[in-house]
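Its first residue numbered 486, the sequence shown is counted upward by one per residue in the numbering used here.
Quick reminder that beta carbons are idealized off the backbone N, C-alpha and C, glycines included.
As structure tokens, the structure follows; a few thoughts come after it.
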Amino acid sequence: MKNSSLRVQLSAVFLGFLLLVISSVTVTYWLAQTQQHDAAIINLAGRQRMLAQQMTRLALTDPKNPELSETIAHFEQTLSVLTNGGEIVDGNGRSLTLPPTTHPTTHTLLQEIATIWPTFKNQLHAPVNSEQLQAEFATLLPKLDKIVSTYETQAKAKINRLYWVQFIFLTTAFLLLAWGYLIVYRRLLYPLHALGTSAHEIGAGNLDKPFPSLPNNE
Numbered sequence: 486m487k488n489s490s491l492r493v494q495l496s497a498v499f500l501g502f503l504l505l506v507i508s509s510v511t512v513t514y515w516l517a518q519t520q521q522h523d524a525a526i527i528n529l530a531g532r533q534r535m536l537a538q539q540m541t542r543l544a545l546t547d548p549k550n551p552e553l554s555e556t557i558a559h560f561e562q563t564l565s566v567l568t569n570g571g572e573i574v575d576g577n578g579r580s581l582t583l584p585p586t587t588h589p590t591t592h593t594l595l596q597e598i599a600t601i602w603p604t605f606k607n608q609l610h611a612p613v614n615s616e617q618l619q620a621e622f623a624t625l626l627p628k629l630d631k632i633v634s635t636y637e638t639q640a641k642a643k644i645n646r647l648y649w650v651q652f653i654f655l656t657t658a659f660l661l662l663a664w665g666y667l668i669v670y671r672r673l674l675y676p677l678h679a680l681g682t683s684a685h686e687i688g689a690g691n692l693d694k695p696f697p698s699l700p701n702n703e
């Protein structure tokens with residue numbers, strides 16, 4: 486764009502700003518959409534740990550309590566929704582529709598929990614073998630802790646990605662601003678200053694001073 490006119494160069498800068506704003510809004514909105522259920526998913530995954538503890542306690546102390554069956558059903562529903570997606574009510578009573586899990590590590594962990602779950606579930610029903618139940622609980626609990634940590638790590642990665650995208654857009658905006666200033670200075674401000682200096686010299690009678698070379702603007 487070395488020989489382009491001032492009008493063309495400034496138009497390119499303005500177009501660049503317009504495209505930057507549109508891209509920034511679009512990408513930021515898309516990234517925000519990918520984060521909208523992260524907090525709820527982390528809470529649901531964390532609640533699975535609490536439900537496992539509650540099931541173990543009820544099975545050992547009050548196996549005939551109807552709450553045990555409700556807790557089992559709640560655990561199974563949450564595990565299914567976290568894995569395959571679907572509608573579920575969170576801890577605040579809000580109805581959420583979650584997408585299926587696509588992250589490979591998360592999906593593998595959920596499958597491992599789903600594999601352990603039937604054996605653990607069988608130990609919850611009378612007659613309860615306390616040693617076997619506690620052994621199965623000790624196997625299940627680290628998986629539940631790890632899935633929460635995995636969800637938290639993914640959520641932090643999304644936030645960091647959003648920060649980096651915003652930083653890139655901000656840096657690009659400053660570069661466009663610097664480019665625009667350089668164009669205005671070299672193609673407009675400097676020539677005007679040079680003309681003013683030459684006019685002053687001519688007015689002072691210094692006719693031998695060479696006329697400055699100016700850019701070929703329209």
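Each of F605, L567 and I507 was checked against the Cα of D523, and the nearest Cα belongs to L567. Within 10 angstroms of the beta-carbon of R492 lie fewer than 16 other beta-carbons, which makes it exposed. The residue among T546, H592, W602 and T590 with its C-alpha nearest the C-alpha of A537 is W602. In this structure, T556 places its C-beta atom within 7 Å of the C-beta atom of M540. If you ignore the 5 residues before and after N614, its C-beta comes within less than 7 Å of the C-beta of Q608, all in its own chain and listed in chain order.
Nearest C-alpha to K643 among T513, S508, S496 and A497: T513.
Within the same chain, Cβ atoms closer than 6 Å to the Cβ of I526 are found at Y636, the five residues on either side in sequence being excluded. Bounds of the beta strand (DSSP E) holding T582 are S580 to L583. DSSP lists L581 as the bridge partner or partners of I573.
Taking R534 as the centre and dropping the five residues before and after it, the same chain places the C-beta of L629 closer than 6 Å to its C-beta, in chain order. In its chain, beyond the 5 residues on either side, T586 have a beta carbon closer than 6 Å to the beta carbon of H592. Distance from the CA of Q617 to the CA of F652, rounded to the nearest whole angstrom, comes to 53 Å. For the alpha helix (DSSP H) assignment, the stretch 487 to 513 encloses no uninterrupted run of at least 4 residues.
Between L660 and N645, the alpha-carbon positions lie close to 22 Å from each other. By the CB criterion at 7 Å, A530 and I632 fall inside the cutoff. When secondary structure is reduced to three states using DSSP, N614 falls in the coil class, being assigned neither helix nor strand.
Residue environment for E572: exposed (fewer than 16 other C-beta atoms within 10 angstroms of its C-beta).
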